[in-house]
Amino acid sequence: MTNGVIFDIKEFALHDGPGVRTTVFLKGCPLRCAWCHNPEGISPQPQTMRSLRGERIAGREFAPHELARILNRQAAALRACEGGVTFSGGEPLMQADFVAETVDLLDDLHVTLDTSGYASERDLRTVLARTDLVYFDLKLIDAAAHRRYTGVDNAPILRNLRILAGSGVPFVIRVPLVPGVTDTDENLAAIARTVRGLPGMQRVDLLPYNQAAGGKYAAAGMAWRPDYDETRPLNLNTAVFETLQVKVRVQ
Ligand code: SF4
């Protein structure tokens, strides 16, 4: 049995997959996105969050059967709303065995994996075998820009995208639009070319920048230092997708 560390369980989530969902936020992420709005999801360990309202611990260990019991209590209601469970983070594939063991105990619930795509092939395949739908992030296609803004190479992500496309599991590409970073015509066109024609891809979702991204950094004892202009208007260029017949929507 593999225990996991979770920093939130959000009920009645409407944007994390089809229908009404319960979203499980797993702690730990190998990326360091300059725009991350869940800094408490980065460290794999429980941590103290401090604010004017006091202190709280973000992160608690769960056994698979403990989490599955919580989720199964909601199963009938989630199925009635054509929803299910979404594993998000942080990066849920950092705790692939815990996710897999939990899913194996679920009572016929639709499972969505919300991932950065940065993981070993083994961890991806372990969870994919138990997943109905994947939300797969693509941020930057240029390798140097990806390293600069996320701290990691994008080669494993692009490899895993090809594995996903060959897996038979349907997926949605999610692009966080960060002003002057990911929302450039060049990057959006490169994403469109990368995903065009991939088997199983349902659509591309463009996610406009969250201006409150830095809000939780002080509470997590971390510094918020975006090296881009947060106030710059976003480039919502859907035409680069439409001209390549890639279905796109702005969330
Ligand atoms: S992949 Fe997501 S959780 Fe990880 S650092 Fe980037 S935005 Fe944050």
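If you're matching positions, the sequence shown starts at 2 in my numbering and goes up one per residue. The C-beta atom is built at its ideal place from N, Cα and C for all residues, glycine as well.
Residue i: CB within 7 Å of a non-hydrogen atom of the ligand SF4
i      : result
Arg80  : no
Leu32  : yes
Gly5   : no
Ile58  : no
Ile43  : yes
Ser117 : yes
Asn39  : yes
Glu92  : yes
Thr113 : no
Thr151 : yes
Bridge partner(s) assigned by DSSP for residue i
i      : result
Tyr150 : Per DSSP, none; premise fails for Tyr150.
Ile10  : Val25
His111 : Gly85
Met202 : Phe172
Gly5   : Phe63
Gly55  : Ser52
Sub-8 Å separation of residue i and residue j beta-carbons
i      : j      : result
Phe137 : Leu159 : no
Tyr150 : Pro180 : no
Glu83  : Gly20  : yes
Tyr229 : Val182 : yes
Leu32  : Glu92  : yes
Gly60  : Gly18  : no
Thr23  : Leu114 : no
Asp184 : Leu129 : no
Arg131 : Val112 : yes
Length of the line joining the Cα atoms of residue i and residue j
i      : j      : result
Thr103 : Met2   : 10 Å
Met223 : His38  : 12 Å
Gly55  : Pro45  : 22 Å
Leu106 : Arg233 : 46 Å
Ala220 : Arg51  : 5 Å
Gln48  : Gly90  : 15 Å
Gln246 : Leu207 : 16 Å
Phe1   : Gly5   : Not covered by the structure: residue 1. The range shown for the chain is 2 to 252.
Ala191 : Ile142 : 6 Å
Assigned exposure category for residue i - 16 Cβ within 10 Å defines buried
i      : result
Ile58  : exposed
Arg250 : exposed
Pro200 : exposed
Glu41  : buried
Asp124 : buried
Thr87  : buried
Lys11  : exposed
Gly169 : exposed
Arg74  : exposed
Any chain C beta carbon closer than 8 Å to residue i
i     : result
Val21 : No chain C is part of this structure, which consists of one protein chain only.
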